[in-house]
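This report concerns only the one structure given below.
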Amino acid sequence: MTRDVPRWWSQGARWVWILAAVLVAASLWMIVRAPIERIMGPVQKIVYIHVPSAIVTLLAFGVTFAAGIAYLATKQWIWDAIGAASCEVGLVFASVVMITGPLWARSAWNTWWTWEPRLTTFLILWILYAGYQIIRSSLKSASKRTISAVMGIVFFANLPIVWKSVEWWRGALHPKNVTMAPDMRQVLLFGMLAWFVVYVAVFERRLRLEWAREAATREAHATADSALLEARVR
Amino acid sequence: MTYAIIAYALSLLLWIIYLLALGRRLRAAHDRR
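If you read the sequences in order, they're chains A and B.
Read in order, the letters of the first sequence are residues 222 to 455 in this note's numbering.
Read in order, the letters of the second sequence are residues 5 to 37 in this note's numbering.
Structural data, given as structure tokens:
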């Protein structure tokens with residue numbers, strides 16, 4: 222295992238990055254050209270980054286959940302790496318949701334923040350996964366991977382709550398379902414595609430980091446083993 | 005309009021900062037002895 226990923230991986234990743242850049246540029250262009258909503262005005266365009274980021278967040282944490290189960294079942298390091306990488310990228314998407322949300326709320330609801338069901342549950346989600354990063358980075362022991370996998374599985378329980386919060390509790394300001402004009406819906410769906418490809422591209426980059434770290438650790442172990450062997454021979 | 009521009013600008017800025025930091029971490033992992 223070398224610190225560089227296999228050739229097929231790095232070559233494939235290049236195309237994913239090019240695709241991601243083209244799609245995001247096209248998405249931004251479509252957002253600029255999208256019709257202006259009658260009541261809210263241009264501020265409504267925040268939805269084209271807010272909603273795709275929220276959907277990708279849930280997807281990313283879903284990957285962490287699945288990878289957590291796979292790691293506990295197989296104990297293979299790659300599943301731990303996939304879970305950790307997806308969790309970190311998911312947290313960036315969640316942060317985008319947390320940045321764009323209040324700016325929307327200020328215009329739509331005349332407040333930066335309100336303890337509305339989806340806002341509250343999403344904030345809890347953000348704190349949980351931020352906690353995942355802090356706890357994981359503070360662990361050095363062999364149990365690091367197991368603890369991360371368990372966190373990835375347990376924290377996932379909050380996702381259906383976020384999803385269903387607007388149906389379960391009264392006072393929801395987020396709509397249960399939205400009817401959009403076809404040309405607006407098209408922009409939104411394209412945004413989802415673009416940010417999904419960004420997720421794949423960044424996830425790949427983050428996974429490389431885990432790969433390089435694993436390779437470095439194995440190199441260090443191999444060096445220590447050979448030094449020990451040499452000392453015994455003498 | 006202003007809020008929409010701020011929302012997009014901050015989001016893109018966050019991504020740029022994260023990707024730059026990730027690049028640095030990758031280089032550091034490659035150079036680690």
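The C-beta atom is built at its ideal place from N, Cα and C for all residues, glycine as well.
Keep in mind the model is a prediction, meaning the values are calculated, not measured.
Shown here, Glu-451(A) sits in a helix according to DSSP, grouped into three states. Around the C-beta of Glu-431(A), 16 or more other C-beta atoms lie within 10 Å, and the residue is accordingly described as buried.
In this structure Pro-338(A) is in contact with Val-387(A), their Cβ atoms being roughly 6 angstroms apart against a cut-off of 8 angstroms. Among the residues facing chain A, Ala-25(B) is not included, as its CB has no counterpart in that chain under 8 angstroms away. Three or more beta-carbon pairs separated by less than 8 angstroms are not found between the stretch 372 to 379 of chain A and the stretch 413 to 430 of chain A, which leaves the two stretches without contact.
For a Cβ distance threshold of 7 angstroms, residue set Leu-324 of chain A lies close to Ile-10(B), ordered along the chain. In this structure, DSSP gives Glu-337(A) a state outside helix and strand, which the three-state scheme calls coil.
Neighbours of Arg-36(B) in chain A, taken as residues at a C-beta separation under 7 angstroms, are given in chain order as Ala-437.
When C-beta atoms of the stretch 307 to 319 of chain A are compared with those of the stretch 378 to 385 of chain A, fewer than three pairs fall below 8 angstroms, so the two segments do not count as touching. Note: Glu-258(A) is bridge-paired with Gly-262(A) in the DSSP secondary-structure output. With a cutoff of 8 angstroms on beta-carbon distance, Ala-241(A) and Val-419(A) are scored as near each other. At least 8 angstroms separates the CB of Val-418(A) from every CB of chain B.
The beta carbon of Arg-29(B) falls within 8 angstroms of a beta carbon belonging to chain A, placing the residue at that interface. Counting only runs of 4+ residues, the alpha helix (DSSP H) found wholly inside the stretch 339 to 377 of chain A occupies 365 to 375, in chain order. Against chain B, the beta carbon of Thr-321(A) has neighbours under 7 angstroms at Ala-11, Ser-15, listed in chain order. The Cβ-Cβ distance between Thr-332(A) and Ser-15(B) does not fall below 8 angstroms.
In this structure the stretch 303 to 310 of chain A lies against the stretch 339 to 354 of chain A, because at least three pairs of beta carbons, one per stretch, are closer than 8 angstroms.
Ile-267(A) belongs to the set of residues whose beta carbon lies under 8 angstroms from a beta carbon in chain B.
Spanning the alpha carbons of Val-423(A) and Thr-342(A) requires a straight line of approximately 26 angstroms. CA-to-CA, the gap between Val-408(A) and Ala-305(A) works out to about 31 angstroms. Taking 8 angstroms as the cut-off, the beta carbon of Tyr-12(B) is found no closer than this to the beta carbon of Val-313(A). The three-state reading of DSSP puts Ala-402(A) in coil, since its state is none of H, G, I, E or B.
Here Leu-394(A) carries a coil assignment [DSSP, helix/strand/coil]. For Pro-273(A), the three-state secondary structure derived from DSSP is helix.
Membership of Asn-379(A) in the alpha helix (DSSP H) is indicated by the continuous run 379 to 389. Shown here for Asp-404(A): same chain residues with a beta carbon closer than 8 angstroms to its own, the five before and five after excluded, namely Ala-255, Pro-256 in chain order.
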